[in-house]
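Chains as they are written, first to last, in numbering that gives the first Met the number 0: chain B, 0 to 330; chain H, 0 to 330; chain V, 0 to 330. Just so it is clear, CB atoms sit at the ideal spot from N, CA and C, and this is done for glycine as well. No experiment lies behind these values; they were computed from the predicted model shown. Below you'll find the structure, written out as structure tokens, and then a few comments.
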Amino acid sequence: MASYTISEINNILKAELIGNTTQKIEGPEEIRKASPTQITFIGSKKYAKFWPDSEACAALVHTDLDLEPGENRAFLKVKNVDLAMAKLLELFNPPTPVFDTDIHPTAVIHETAKIGAGCKIGANCYVGKAVELGSEVILYPNVCVFDDTTIGNNTIVWSGTIIRERCIIGSHCIFHTNVSIGADGFGYRPSEDGKGLVKIPQIGNVIIGHYVEIGANSCVDRAKFSSTIIGDGCKIDNLVQIAHNSIMGRSCIMAGHSGLAGSVTLGDGVVIGGSASIKDHTTIHSGATVGAGSGVIGDVEAGKTVLGYPAQDARDMLKQWAAIRQFLKKK
Amino acid sequence: MASYTISEINNILKAELIGNTTQKIEGPEEIRKASPTQITFIGSKKYAKFWPDSEACAALVHTDLDLEPGENRAFLKVKNVDLAMAKLLELFNPPTPVFDTDIHPTAVIHETAKIGAGCKIGANCYVGKAVELGSEVILYPNVCVFDDTTIGNNTIVWSGTIIRERCIIGSHCIFHTNVSIGADGFGYRPSEDGKGLVKIPQIGNVIIGHYVEIGANSCVDRAKFSSTIIGDGCKIDNLVQIAHNSIMGRSCIMAGHSGLAGSVTLGDGVVIGGSASIKDHTTIHSGATVGAGSGVIGDVEAGKTVLGYPAQDARDMLKQWAAIRQFLKKK
Amino acid sequence: MASYTISEINNILKAELIGNTTQKIEGPEEIRKASPTQITFIGSKKYAKFWPDSEACAALVHTDLDLEPGENRAFLKVKNVDLAMAKLLELFNPPTPVFDTDIHPTAVIHETAKIGAGCKIGANCYVGKAVELGSEVILYPNVCVFDDTTIGNNTIVWSGTIIRERCIIGSHCIFHTNVSIGADGFGYRPSEDGKGLVKIPQIGNVIIGHYVEIGANSCVDRAKFSSTIIGDGCKIDNLVQIAHNSIMGRSCIMAGHSGLAGSVTLGDGVVIGGSASIKDHTTIHSGATVGAGSGVIGDVEAGKTVLGYPAQDARDMLKQWAAIRQFLKKK
Chain B
0 MASYTISEIN NILKAELIGN TTQKIEGPEE IRKASPTQIT FIGSKKYAKF
50 WPDSEACAAL VHTDLDLEPG ENRAFLKVKN VDLAMAKLLE LFNPPTPVFD
100 TDIHPTAVIH ETAKIGAGCK IGANCYVGKA VELGSEVILY PNVCVFDDTT
150 IGNNTIVWSG TIIRERCIIG SHCIFHTNVS IGADGFGYRP SEDGKGLVKI
200 PQIGNVIIGH YVEIGANSCV DRAKFSSTII GDGCKIDNLV QIAHNSIMGR
250 SCIMAGHSGL AGSVTLGDGV VIGGSASIKD HTTIHSGATV GAGSGVIGDV
300 EAGKTVLGYP AQDARDMLKQ WAAIRQFLKK K
Chain H
0 MASYTISEIN NILKAELIGN TTQKIEGPEE IRKASPTQIT FIGSKKYAKF
50 WPDSEACAAL VHTDLDLEPG ENRAFLKVKN VDLAMAKLLE LFNPPTPVFD
100 TDIHPTAVIH ETAKIGAGCK IGANCYVGKA VELGSEVILY PNVCVFDDTT
150 IGNNTIVWSG TIIRERCIIG SHCIFHTNVS IGADGFGYRP SEDGKGLVKI
200 PQIGNVIIGH YVEIGANSCV DRAKFSSTII GDGCKIDNLV QIAHNSIMGR
250 SCIMAGHSGL AGSVTLGDGV VIGGSASIKD HTTIHSGATV GAGSGVIGDV
300 EAGKTVLGYP AQDARDMLKQ WAAIRQFLKK K
Chain V
0 MASYTISEIN NILKAELIGN TTQKIEGPEE IRKASPTQIT FIGSKKYAKF
50 WPDSEACAAL VHTDLDLEPG ENRAFLKVKN VDLAMAKLLE LFNPPTPVFD
100 TDIHPTAVIH ETAKIGAGCK IGANCYVGKA VELGSEVILY PNVCVFDDTT
150 IGNNTIVWSG TIIRERCIIG SHCIFHTNVS IGADGFGYRP SEDGKGLVKI
200 PQIGNVIIGH YVEIGANSCV DRAKFSSTII GDGCKIDNLV QIAHNSIMGR
250 SCIMAGHSGL AGSVTLGDGV VIGGSASIKD HTTIHSGATV GAGSGVIGDV
300 EAGKTVLGYP AQDARDMLKQ WAAIRQFLKK K
């Protein structure tokens, strides 16, 4: 396990060191759970009161807090505790799983696939015809990438993830376990006798930008024609559904269990809360936020926050909920 | 890439050709995104106004629209633009991923399994004891099919999908990536000391009819006893949950993130909207529709449309929502 | 197929045998679907009326019901029909899929992994560096377990499930197909130019207790630091999301499509209904119940039942729903 002295940590964080500790620090922990070899964080008064009884030898502390570290304990005073914490996590980030060999002999790689320099391909992967992997791409064991798909440099694909044919994936992406990219969109037409449903071919693909992260067991369907598009820097949580022909701008966030029905358009920096759903052919403009659990059935203006089902302006919705409770109390 | 002349396309569509184009057509695209080698579609006046500025060389156009194609551009006039579009997509449907060999040598197939004529089994698949695959079944790489399961002719199973033991799958089905068929139903009883939960064995199976499509990362649990049943022609989207002992009739539709709790019965042609949930032991009769995001807690009559949570008649629900907003505005 | 005489079955159930049948019994079935070689169950008057027309040769019958079995048919009278039924299902539980060899030669197992006595590891599994499996662990084909993870005795992991590095899994657990354990939590911070998002490393792990069952395609994310914890005896259904740093007590139940956002705490014996979501940093105390489809945005007291979105006391919520309908009817 990696361990650091308080001054080694401060070389990274460049904070204001108050007090000192001779303890070697092995990782971060919450203030009430920390052991003597751990560093904790105190972002507000609420947590300051736990410091005297905490076993932690050190803490990241907000500059505004008036607190003393005590004997053989140290504070690193910072303006932004969350940011300092993120840097601390990078410092203590343990190594990723090892590859004993770059391309595992059990991986099945089509002879026409192009594998960039420094790629790692794990056991039991499948890489199809004319697939192109950039440099330093990592496919963990049991990943499948189908024909004619390209993946940019430094993208990491975790086990169980399947990327279907003809998709275009950017660089520096992370796809977690059991993700489905490029499965057919959900499109049918009535059969000629009116009694059944006939599949509409889904001949498009999925285009994913750079620095996109997609959570475990999430799905991005291929387009009916043209492309389902996810812009650079989008972050998608677990169990999220992105249906065919949806288009996401840059740096959008979709939390767990949320979903876009077909042909939804998101601007840049849109935030979709957990379990929220967006009706097909709806546009949510840049900077808008959809509250958790909401159902959006109409376009949302840029920068607006909506809530509820059917979703409306969040303040109005909160007022309505309060008014209903108030009204019913009187009855 | 396949390309066609306008008259080759019209040989398929049998539409009314107006104007002409010498351009080779390489695929369909929306009217505002189309390039000169693409064909677009104009189903209503709303889109007709974009035609003069579109780069598309041709369009599928509704017969009722009064519009001229212009120089070296062509219209195919049709009564049903959506249906013509579906046929066009079939024409341009690109080839599916290749199998260099029908049964990949890394597939592990039990010696007692029966593999029909023309089956393709990809790399790293597992096919268990006494499994029977009909003819022309396709298992893409990394599929598992467990003991005593049978799969009908021409069914396609995409990578990452697991079909557990003793299930019966029809012909011409498509299961997309990372689907789970036949996992144990969710059933427990209190332990004898009342402090914990004891698993109830789930000894039934899953029976799936013909022409059923199941979306990526969806789940169909095996029955506690007897069978969980999905009727012919049902179409199930991504991330859908179908719990133990549910029974679906013919040609039902379940959109993304929707779910049936245990022992739900759907008639024929039932439509369940996205993220809607159906309480256990509920019956939704033939032709009924459940709106997106709804929670159904009681039986639904044939042909009825319900909405909301708890779900009620959709028109009533819409009126209630409007009335609440109206009432609260006055306050 | 296993079959038993009625007295063999009664040797297990130790019920009161009334009447008799010479029929060999091959399994359980509902009263209206049962064939002459099946046993059914009659827990209440509602089902008693179907007995005369049922083909079943035998039934588990509640002691309070006044009913005669008839010619060559038998009753096993019991106080708790559900419990007797569970025992019957155990009796008829068919064998699990076979392993022709304990450790399949296509499984890729790191030389430093420790595999306990009696483990079975299926085709195309991956077991990483320094993984430790207890005794009698079963990994079905196409499972991945990453570096330094430990799994306790008798735990069963179904195909497609991925367990990431450094997790600690208890004994006697069952993870169904395509489960994701230990994928990164969903954490970002604004980039320094304020235009994008930077990943916060997720350096913690997942700790899962004993006798935990996790349904197909569910996800348990690793902690940002420290651990996401699932207590002994928890039962988690399909497509459930458990976000980073959540902590579940003993014997909690989470139904399908439900989710815990980050840092949620559940006490012991908490029940979360289907599709319900819990806001981050919320505590739900022991014995509380969250109704299906609810959105919980504040702490819930021990033993309380909440419902709706935002969730409130279930009786209040039901009254509100009724009052709204009543009020609107009058208008």
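ask   = Would you say V/ARG324 reaches chain B, if we count a Cβ-Cβ gap shorter than 8 angstroms as a contact?
value = Here the question's residue 324 of chain V lines up with position 325 in the third sequence. Taking Cβ atoms only, chain B never reaches closer than 8 angstroms to V/ARG324, which makes this a no.
task = Compare the C-beta of B/ALA215 against all C-beta atoms of chain V and say whether one is closer than 8 angstroms.
result = For the purposes of this step, residue 215 of chain B is taken as the residue at position 216 of the first sequence. Chain V, which has a Cβ nearer than 8 angstroms to the Cβ of B/ALA215, makes this yes.
query = Is there contact between the region 213 to 228 of chain B and the region 210 to 225 of chain H, where contact requires at least three CB pairs shorter than 8 angstroms?
reply = yes
ask   = Using 8 angstroms as the Cβ pair cut-off and three pairs as the minimum, do the region 145 to 156 of chain H and the region 171 to 189 of chain H touch?
value = yes
request  = Provide the residue span of the beta strand (DSSP E) that contains V/LYS76, from first to last.
outcome  = Translated into the one-based positions of the third sequence, residue 76 of chain V becomes position 77. Where V/LYS76 is concerned, the enclosing beta strand (DSSP E) stretches over 73 to 77.
key: Best match in V/SER226, V/THR149 and V/THR288 for proximity to B/ALA33 [C-alpha to C-alpha]   = As a working note, residue 33 of chain B is residue 34 in the first sequence. Nearest of V/SER226, V/THR149 and V/THR288 to B/ALA33, Cα basis: V/SER226.
ask   = Shorter than 8 angstroms from the beta carbon of H/ASP65 to some beta carbon of chain V?
value = Here residue 65 of chain H is taken as the residue at index 66 of the second sequence, counted from 1. Closer than 8 angstroms: no.
message = Tell me which residue opens and which closes the beta strand (DSSP E) that B/ASP220 is part of.
response = Taking the first residue of the first sequence as 1, we reach residue 220 of chain B at position 221. 218 to 220 is the span of the beta strand (DSSP E), which, as asked, contains B/ASP220.
ask   = For the 8 angstroms Cβ check, are there 3 or more pairs between the region 225 to 244 of chain B and the region 179 to 188 of chain V?
value = yes
query = Starting from H/ILE202 and walking both ways along the beta strand (DSSP E), at which residues does that stretch end?
reply = Your numbering for residue 202 of chain H matches position 203 in the second sequence. H/ILE202 -> no beta strand (DSSP E), and no H or E assigned at all.
query = Which of helix, strand or coil does DSSP assign to B/ALA321?
reply = Stepping through the first sequence from its first residue, residue 321 of chain B is reached at position 322. Residue state, collapsed to three classes: helix.
ask   = Between the C-alpha atoms of H/ASN9 and H/LEU75, what's the straight-line distance to the nearest angstrom?
value = Position 10 of the second sequence, counting from 1, holds the residue named residue 9 of chain H. Position 76 of the second sequence, counting from 1, holds the residue named residue 75 of chain H. When rounded, the distance between both Cα atoms is 7 angstroms.
task = Ignore the nearest five residues each way along the sequence and tell me which others in V/ALA106's own chain have a CB closer than 6 angstroms to its CB.
result = The residue labelled residue 106 of chain V in the question sits at position 107 within the third sequence. Once the five neighbours on either side are set aside, the close Cβ partners of V/ALA106 are ILE120 and CYS124.
ask   = To the nearest angstrom, how far is it from the Cα of B/ALA112 to the Cα of H/ILE150?
value = On the first sequence, residue 112 of chain B is found 113 positions in, with the first residue counted as 1. On the second sequence, residue 150 of chain H is found 151 positions in, with the first residue counted as 1. Straight-line Cα distance between these residues: approximately 32 angstroms.
query = Distance, Cα to Cα, V/LEU88 vs V/LEU59?
reply = Within the third sequence, the letter at position 89 stands for residue 88 of chain V. Within the third sequence, the letter at position 60 stands for residue 59 of chain V. For V/LEU88 and V/LEU59, the distance between alpha carbons rounds to 12 angstroms.
query = Which chain H residues are close to B/PHE224, counting only those with a beta carbon under 7 angstroms from its beta carbon?
reply = As a first step, residue 224 of chain B is located in the first sequence; it is residue number 225 there, counting from the start. Within chain H, the residues near B/PHE224 are GLY26, PRO27, GLU28 and LEU88.
Option in H/HIS103, H/ALA73, H/ARG72 and H/HIS61 with minimal Cα separation from H/MET84 = Your numbering for residue 84 of chain H matches position 85 in the second sequence. Out of H/HIS103, H/ALA73, H/ARG72 and H/HIS61, H/HIS61 has the C-alpha closest to the C-alpha of H/MET84.
query = Do we get a CB-CB distance below 8 angstroms when we pair H/ASN237 with the residues of chain V?
reply = Position 238 of the second sequence, counted from the start, is the residue given in the question as residue 237 of chain H. No, H/ASN237 does not count as interfacial toward chain V.
task = Determine the chain B residues that contact V/LYS278 at a beta-carbon separation under 8 angstroms, and present them in chain order.
result = Position 279 of the third sequence, counted from the first residue, corresponds to residue 278 of chain V. Those are ALA291, listed as they occur along chain B.
ask   = If we ignore side chains and look at the alpha-carbon of each, how far apart do V/ILE11 and H/MET253 end up?
value = On the third sequence, residue 11 of chain V is found 12 positions in, with the first residue counted as 1. On the second sequence, residue 253 of chain H is found 254 positions in, with the first residue counted as 1. If I take the Cα positions, the gap works out to 42 angstroms.
ask   = Using a Cβ-Cβ distance under 8 angstroms, would V/GLY151 count as near chain H?
value = Taking the third sequence and counting its residues from 1, the one referred to as residue 151 of chain V is at position 152. Chain H, which has no Cβ nearer than 8 angstroms to the Cβ of V/GLY151, makes this no.
ask   = Residues bridged to B/PHE174 by DSSP?
value = Position 175 of the first sequence, counted from the first residue, corresponds to residue 174 of chain B. BP columns for B/PHE174 point to B/VAL156 and B/ILE213.
message = Using only the alpha-carbon positions, how far apart do V/HIS103 and V/PRO140 sit?
response = The residue you call residue 103 of chain V lines up with position 104 of the third sequence. The residue you call residue 140 of chain V lines up with position 141 of the third sequence. Between V/HIS103 and V/PRO140, the C-alpha separation is close to 9 angstroms.
ask   = Mind checking whether H/ALA310 and H/GLY286 have CB atoms under 8 angstroms apart?
value = Counted from its first residue, the second sequence places residue 310 of chain H at position 311. Counted from its first residue, the second sequence places residue 286 of chain H at position 287. In this structure, H/GLY286 does not lie closer than 8 angstroms to H/ALA310 by Cβ.
request  = Give the range of the alpha helix (DSSP H) segment to which H/PHE91 is assigned.
outcome  = Position 92 of the second sequence, counted from the first residue, corresponds to residue 91 of chain H. Note, H/PHE91: alpha helix (DSSP H), 80 to 91.
task = List the residues that DSSP assigns as beta-bridge partners of H/TYR3.
result = Here residue 3 of chain H refers to the residue found at position 4 of the second sequence. Beta-bridge pairing links H/TYR3 to H/ILE24.
query = In chain V, which residues lie with their C-beta within 7 angstroms of the C-beta of B/SER85?
reply = What you label residue 85 of chain B is simply residue 86 of the first sequence in a count that begins at 1. Per the sequence shown, residue 85 of chain B should be read as Ala rather than Ser. The contacting residues are ARG188 and ILE199.
task = Flag H/SER179 as yes if its beta-carbon sits less than 8 angstroms from any beta-carbon of chain V, otherwise no.
result = Residue 179 of chain H sits at position 180 when you count from the first residue of the second sequence. Yes, its Cβ sits closer than 8 angstroms to a Cβ of chain V.
task = For B/GLU15, I'd like the list of residues in its chain whose CB is within less than 6 angstroms of its CB, leaving aside the five on either flank, ordered along the chain.
result = Taking the first residue of the first sequence as position 1, residue 15 of chain B is located at position 16. These residues qualify, in order along the chain: LYS76.
request  = Please report how far the alpha carbon of H/GLY127 lies from the alpha carbon of V/LEU138, in whole angstroms.
outcome  = Here the question's residue 127 of chain H lines up with position 128 in the second sequence. Here the question's residue 138 of chain V lines up with position 139 in the third sequence. Going from the Cα of H/GLY127 to the Cα of V/LEU138 covers about 15 angstroms.
ask   = So the beta strand (DSSP E) V/TYR187 belongs to, where does it begin and stop?
value = Along the third sequence, one-based indexing puts residue 187 of chain V at 188. It spans 187 to 189 - the beta strand (DSSP E) in which V/TYR187 sits, taken as one unbroken run.
ask   = Between which two residues does the alpha helix (DSSP H) harbouring H/ALA47 extend?
value = As a first step, residue 47 of chain H must be located in the second sequence, where it is residue number 48. 44 to 47 is the span of the alpha helix (DSSP H), which, as asked, contains H/ALA47.
message = Quick check on B/ALA182: buried or exposed, where buried means 16 or more other Cβ atoms within 10 Å of its Cβ?
response = Indexing the first sequence from 1 puts residue 182 of chain B at position 183. The residue in question, B/ALA182, is buried, as its Cβ has 16 or more Cβ neighbours within 10 Å.
task = List in chain order: all unbroken alpha helix (DSSP H) runs of 4+ residues lying wholly within the region 225 to 277 of chain H.
result = none
query = Using a beta-carbon distance below 8 angstroms, is V/GLU135 in contact with chain H?
reply = In the third sequence, residue 135 of chain V corresponds to position 136, counting from 1. Judged by the 8 angstroms Cβ criterion, V/GLU135 is not in contact with chain H.
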